[in-house]
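Each remark here refers to the structure printed beneath this line.
Numbering (UniProt numbering), first residue to last: 1 to 163.
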């Protein structure tokens, strides 16, 4: 899926999980590592740190300057697309890809995102989202990279084993 694959994977977590011990090729940090501004050529996963980092400009700099100038790919796992925080909007606007999952508790977030992406055709987005997330643990990939053809902006079933 990722070519070339980054030589380093850094997982920044908010809550430790025992399975981390089995992932020998991944470097784990509670929170952001102190040297985050010097890391390059890496995939950085930020997990369960939405509340802690929503007002932290270091994360915004990773999404803007870091990803472009230091060859970083950032995966920011959030439970709320529109979490309040002074940095969250900048982070969201600089995201190239979003994976959204079914959330029966609050579908308004995804529909609001759909209105932002397709203001003249929100029903199209809703139908694609509902179809893509109709099965358990399914997802919709939203590709926001400038070079992507509009016909490929919304996709699902990308990984081996997806049906």
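Note that CB positions come from ideal geometry on N, CA and C, so glycine has one too.
Three or more Cβ pairs closer than 8 Å define a contact, and the segment 111-122 falls short of that threshold against the segment 145-152. Residue burial is scored here from C-beta neighbours: residue 63 has at least 16 other C-beta atoms within 10 angstroms and is therefore classed as buried. In its chain, beyond the 5 residues on either side, 41, 42, 43, 73 have a beta carbon closer than 7 Å to the beta carbon of residue 6. Counting only runs of at least 4 residues, the segment 83-122 fully encloses the following alpha helix (DSSP H) elements, listed from N- to C-terminal order: 88-93, 108-117. Closest in C-alpha terms to residue 35, from the list 22, 52, 12, 17, comes 12. Annotated three-state conformation of residue 67 is helix, per DSSP. Two segments are said to touch when three or more pairs of C-beta atoms, one from each, lie closer than 8 Å; by this definition the segment 130-139 touches the segment 100-107. Measuring C-alpha to C-alpha distances from residue 124 to each of 136, 110, 137 identifies 110 as the nearest.
Here residue 163 carries a coil assignment [DSSP, helix/strand/coil].
Taken atom to atom, the span from the alpha-carbon of residue 88 to that of residue 19 is near 29 Å. The bridge partners DSSP lists for residue 126 come to none. One thing to note: residue 68 has its Cβ no nearer than 8 Å to the Cβ of residue 145. Residue 57: member of the alpha helix (DSSP H) spanning 57-61, first to last residue. Contact between residue 46 and residue 76 holds: CB atoms are separated by about 5 Å, below the 8 Å threshold. The straight-line gap separating the alpha-carbon atoms of residue 157 and residue 81 is approximately 22 Å. Rounded to whole angstroms, the separation of the alpha carbons of residue 23 and residue 58 is 26 Å.
Collapsing the DSSP output to three states places residue 48 in coil.
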